[in-house]
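Taking it in order: structure first as structure tokens, then the write-up.
Numbering (the UniProt record's numbering), first residue to last: 1 to 286.
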């Protein structure tokens, strides 16, 4: 038996769960799950299964569902339990609660009501992937899931393009090829890594440029949980007048698309940025 029944002070306990291998759970997390007065979970079946694997008894407790579609009612019930002086444990389906998972509203409301809020930390897919990617770890930015639509996705990529750190994205197998293509277009052909099924049987890490990864996924898709990491921008500041002058020169003998390709490579800039600048130039001067 790995867990201990301990006396928990009243409050909200966020519990990290494994992202794959069940043995990645911490001993403290097992203690909290064994001892909390109330247990809530993003996915009740997966948490019950995890507790069964580790021999943590539910006793007369039930696992309360709390997820993005639960609404304010379920949250109110958990807050009421806290108001009664109970200990409430909440676990996301995999990884750290609140990190691209539900829990923010519960955390905020509990803290605002004056209840103690703490965490039994553990596995996180984003940080695990950062360890595996082979990209700089001194500064990083977690961007979560990108929008589904390409236009909105590209806009979001433009917003994070200048962040001076490794970018971390979660992505669906259904969208990964399109997302990588948009990343290569908007961010430029940066070094990147695709980490898949971390800690699971088919764990895989692909390290290549964004364009190479996009080409690979366009040919053959992948399955499973995916984290994409992209190196920070390495482009130097370019004088806008010099950029415009080179773009005008390229436009004399080339189409807008080809001119953007030429100038973006010349200055090591994302082609989309240069292409948009070319479209904004007056036609009589292009």
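All C-beta atoms in this analysis are idealised placements derived from N, C-alpha and C, irrespective of residue type, glycine included.
Computed from a predicted model, the values in this text were never measured in an experiment.
Legend entry - Identity of the residues DSSP links to residue 191 by a beta bridge: Residue 191 pairs with 209.
Inset, instruction - Look at the alpha carbon of residue 201 and the alpha carbon of residue 160, and state the distance between them as a whole number of angstroms. - result: 33 Å
Inset, instruction - Identify the continuous beta strand (DSSP E) that holds residue 90 and give its terminal residues. - result: 87–91
Inset, instruction - Using only alpha-carbon positions, find the residue among 96, 40, 56, 47 that is nearest to residue 31. - result: 56
Legend entry - Residue environment, residue 87, which counts as buried when at least 16 other CB atoms sit within 10 Å: buried
Inset, instruction - List the endpoints of the continuous alpha helix (DSSP H) containing residue 133. - result: 125–133
Legend entry - Runs of alpha helix (DSSP H) lying entirely within the stretch 7–82, each at least 4 residues, in chain order: List check, alpha helix (DSSP H) in window: 27–35, 44–53.
Legend entry - Close-in-space but distant-in-sequence residues of the same chain around residue 219 (CB under 7 Å, 5 per side omitted): none
Inset, instruction - Compute the Euclidean distance between the alpha carbons of residue 68 and residue 102, then round it to the nearest angstrom. - result: Across the structure, residue 68 and residue 102 are spaced so that their CA atoms are roughly 6 Å apart.
Legend entry - Neighbourhood of residue 204 by C-beta distance below 6 Å, restricted to the same chain and skipping five residues each side: Taking residue 204 as the centre and dropping the five residues before and after it, the same chain places the C-beta of 196 closer than 6 Å to its C-beta, in chain order.
Legend entry - Closest Cα partner of residue 158 within the set 6, 223, 143, 172: 143
Inset, instruction - Indicate the three-state DSSP secondary structure (helix, strand or coil) for residue 196 in the structure shown. - result: strand
Legend entry - residue 100 beta carbon less than 8 Å from that of residue 145: yes
Legend entry - residue 270 versus residue 90: straight-line alpha-carbon distance, rounded: 42 Å
Legend entry - Simplified DSSP assignment, three categories, for residue 238: coil
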